[in-house]
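Student: Residue numbers (the numbering used here): 99 to 438.
Following this message is one structure expressed as structure tokens.
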Ligand code: P6P
């Protein structure tokens with residue numbers, strides 16, 4: 099049988115870079131570094147049940163969430179690798195209160211900064227459910243040669259240069275978007291390389307799955323309840339245009355939404371008036387990916403990518419996925435202006 103030639107992520111990014119004569123290859127190099135961090139994290143995730151890496155690390159992060167040891171390992175791996183990369187001036191992590199500006203000369207002259215959620219969905223670690231790493235890459239706005247500043251990290255999502263996620267699922271994948279498209283790569287363990295498996299990903303305009311934590315039902319306002327009734331009412335005639343799926347790990351729920359179509363929603367509610375999910379670490383990167391794949395990402399009346407962040411860890415409501423399903427949801431849900 100003729101084996102399909104494997105195209106590694108490095109080969110792919112170099113090929114893409116060659117399409118732009120002015121490109122320097124720094125972004126490709128940064129994506130390679132993030133892929134390396136993903137492979138190192140993946141090795142521990144795959145052994146989590148065997149090594150003393152489960153269980154609560156005891157510390158709590160700025161969100162007040164107890165940090166699982168794997169969270170801390172993933173965070174430190176990403177920081178260490180990006181610190182030694184010549185293409186990253188600094189980072190901001192969902193697990194760190196403040197940004198980390200890399201002070202060495204190499205880094206201070208780098209033109210990119212990276213934000214990441216090192217291990218999203220970590221509450222699923224001890225039940226072996228899919229978890230993921232989410233990352234965003236911006237071109238810095240501060241002066242080269244000096245440490246990066248908070249302004250570099252408070253750019254709206256429409257300024258992103260690239261964004262992606264690593265999904266530690268039944269296989270390990272990295273999916274990333276640039277301004278020219280979305281591509282997925284699956285880790286081939288025998289050679290330790292991410293190989294192109296999902297070229298030119300597109301989010302279907304329609305889908306059959308709505309994804310939301312309906313356990314929060316009692317906290318929703320009437321417009322949100324009306325929308326959920328719409329999602330379920332159709333099932334009474336067993337027409338079943340919509341099914342409900344919710345993994346509770348954004349990377350896994352979003353990957354399904356990207357591949358199969360559907361809508362993922364984490365709305366504002368009575369106890370989380372700004373929503374739960376973080377704008378810079380979860381919502382903007384996912385919005386960038388979904389919109390690059392032809393989908394839609396809204397917070398209420400406006401696009402997620404147009405929100406101008408005012409603080410590093412701010413949250414936002416999110417309706418994201420197949421563009422026709424997002425448009426339908428917004429018909430029901432009264433516009434919720436972004437509460438900054
Ligand atoms: P809930 C995980 O903690 C996370 O940040 C996302 O990955 C996920 O979509 C969401 O929170 C789950 O939140 O309130 O439904 O448990």
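C-beta: ideal position from N, C-alpha, C; glycine also.
All values reported here derive from a predicted model rather than from experimental measurement.
How big is the Cα-Cα spacing for residue 117 and residue 126?
Tutor: In the chain shown, counting from the first residue as 1, residue 117 sits at position 19. In the chain shown, counting from the first residue as 1, residue 126 sits at position 28. Residue 117 and residue 126: Cα-Cα distance of roughly 13 Å.
Student: Shortest alpha-carbon distance to residue 306 belongs to which of 354, 260 and 291?
Tutor: Here residue 306 refers to the residue found at position 208 of the chain shown. Cα-wise, what sits closest to residue 306 is 354.
Student: For the candidate residues 209, 225 and 269, whose alpha-carbon lies nearest to that of residue 246?
Tutor: Looking up residue 246 in the chain shown gives position 148. It is 209 whose Cα lies nearest to the Cα of residue 246.
Student: Quickly, what does DSSP pair residue 394 with across the bridge? List them, please.
Tutor: As a first step, residue 394 is located in the chain shown; it is residue number 296 there, counting from the start. In DSSP, residue 394 forms a bridge with 419.
Student: Just verifying my parser: in three-state terms, what is the DSSP assignment at residue 92?
Tutor: The question about residue 92 has no answer, for the chain in this structure spans 99 to 438.
Student: Do residue 160 and residue 411 have their C-beta atoms closer together than 8 Å?
Tutor: For the purposes of this step, residue 160 is identified with residue 62 of the chain shown, where counting begins at 1. For the purposes of this step, residue 411 is identified with residue 313 of the chain shown, where counting begins at 1. Taking 8 Å as the Cβ cut-off, residue 160 and residue 411 qualify as a contacting pair.
Student: Please report the straight-line C-alpha distance between residue 350 and residue 267, rounded to a whole angstrom.
Tutor: One-based indexing of the chain shown puts residue 350 at position 252. One-based indexing of the chain shown puts residue 267 at position 169. Residue 350 and residue 267: Cα-Cα distance of roughly 8 Å.
Student: What I want to know is whether the C-beta of residue 219 ends up closer than 7 Å to one or more non-hydrogen atoms of ligand 1.
Tutor: Taking the first residue of the chain shown as 1, we reach residue 219 at position 121. Yes.
Student: With hydrogens ignored, establish whether the beta-carbon of residue 397 is closer than 7 Å to any heavy atom of ligand 1.
Tutor: What you label residue 397 is simply residue 299 of the chain shown in a count that begins at 1. Flag unset: Cβ of residue 397 not near ligand 1.
Student: For the alpha helix (DSSP H) containing residue 113, name the first residue and the last one.
Tutor: Counting from one through the chain shown, the residue named residue 113 turns up at place 15. From DSSP, the alpha helix (DSSP H) with residue 113 extends over 107-115.
Student: Is it buried or exposed, residue 120, if we count other Cβ atoms within 10 angstroms and call 16 or more buried?
Tutor: Taking the chain shown and counting its residues from 1, the one referred to as residue 120 is at position 22. Residue 120 should be labelled exposed.
Student: With distance defined between alpha-carbon atoms, name the residue in 418, 372, 257 and 248 nearest to residue 198.
Tutor: Counted from its first residue, the chain shown places residue 198 at position 100. Per the Cα distances, 248.
Student: Nearest to residue 379 by CA position, among 192, 106, 431 and 162, is which residue?
Tutor: As a first step, residue 379 must be located in the chain shown, where it is residue number 281. Per the Cα distances, 192.
Student: Between which two residues does the beta strand (DSSP E) harbouring residue 362 extend?
Tutor: Taking the chain shown and counting its residues from 1, the one referred to as residue 362 is at position 264. Residue 362 -> beta strand (DSSP E) spans 361-364.
Student: Helix, strand or coil, according to DSSP, for residue 187 in the structure here?
Tutor: The residue you call residue 187 lines up with position 89 of the chain shown. Reduced to three states, the DSSP call for residue 187 is coil.
Student: Kindly indicate which residue of 300, 296 and 329 has the alpha-carbon position closest to the one of residue 312.
Tutor: Taking the first residue of the chain shown as 1, we reach residue 312 at position 214. Nearest option by C-alpha distance: 329.
Student: Whose C-alpha, out of 386, 203, 186 and 283, is nearest the C-alpha of residue 250?
Tutor: For the purposes of this step, residue 250 is identified with residue 152 of the chain shown, where counting begins at 1. The shortest C-alpha separation from residue 250 is found at 186.
Student: Report yes if the C-beta of residue 181 is less than 7 Å from at least one heavy atom of ligand 1; otherwise report no.
Tutor: Counting from 1 along the chain shown, the entry for residue 181 is found at position 83. Flag unset: Cβ of residue 181 not near ligand 1.
Student: According to DSSP, is residue 328 part of a helix, a strand, or is it coil?
Tutor: Residue numbering aside, residue 328 sits at position 230 when the chain shown is read from its first letter. Note: residue 328 maps to helix in three-state DSSP.
Student: First and last residue of the alpha helix (DSSP H) that includes residue 283?
Tutor: Your numbering for residue 283 matches position 185 in the chain shown. No alpha helix (DSSP H) contains residue 283, which is instead part of the beta strand (DSSP E) from 279-286.
Student: For residue 423, which residues of its own chain have a beta-carbon under 8 Å away from its beta-carbon, when the five flanking residues on both sides are left out?
Tutor: Counting from one through the chain shown, the residue named residue 423 turns up at place 325. Closer than 8 Å at the Cβ level, and outside the excluded window around residue 423, lie 304, 305, 308, 359, 360 and 361.
Student: Tell me the rounded alpha-carbon separation between residue 315 and residue 105.
Tutor: Translated into positions along the chain shown, residue 315 becomes position 217. Translated into positions along the chain shown, residue 105 becomes position 7. For residue 315 and residue 105, the distance between alpha carbons rounds to 45 Å.
Student: Expressed to the nearest angstrom, what Euclidean distance is found between the alpha-carbon atoms of residue 180 and residue 188?
Tutor: Against the chain shown, residue 180 aligns to sequence position 82. Against the chain shown, residue 188 aligns to sequence position 90. Rounded to whole angstroms, residue 180 to residue 188 spans 8 Å at the Cα level.
Student: For residue 299, name the three-state secondary structure that DSSP assigns.
Tutor: Here residue 299 refers to the residue found at position 201 of the chain shown. Correct three-state label for residue 299: coil.
Student: Is any heavy atom in ligand 1 found nearer than 7 Å to the beta carbon of residue 318?
Tutor: Here residue 318 is taken as the residue at index 220 of the chain shown, counted from 1. No, ligand 1 has no heavy atom inside 7 Å of this Cβ.
Student: What residue from 173, 171, 324 and 387 has the CA that sits closest to residue 299's CA?
Tutor: Taking the first residue of the chain shown as 1, we reach residue 299 at position 201. Comparing Cα positions, the closest option is 387.
Student: Sort 400, 190, 143 and 233 by Cα distance to residue 383 and report the nearest one.
Tutor: As a position in the chain shown, residue 383 is number 285, starting the count at 1. Minimum Cα distance to residue 383 is reached at 233.
Student: I'd like to confirm something about residue 364: is its beta-carbon nearer than 7 Å to some heavy atom of ligand 2, or not?
Tutor: No copy of ligand 2 appears in this structure; the ligands present are ligand 1.
Student: Run through the DSSP bridge pairs and tell me what residue 272 is partnered with.
Tutor: Taking the first residue of the chain shown as 1, we reach residue 272 at position 174. 264 and 283, per the DSSP bridge assignment.
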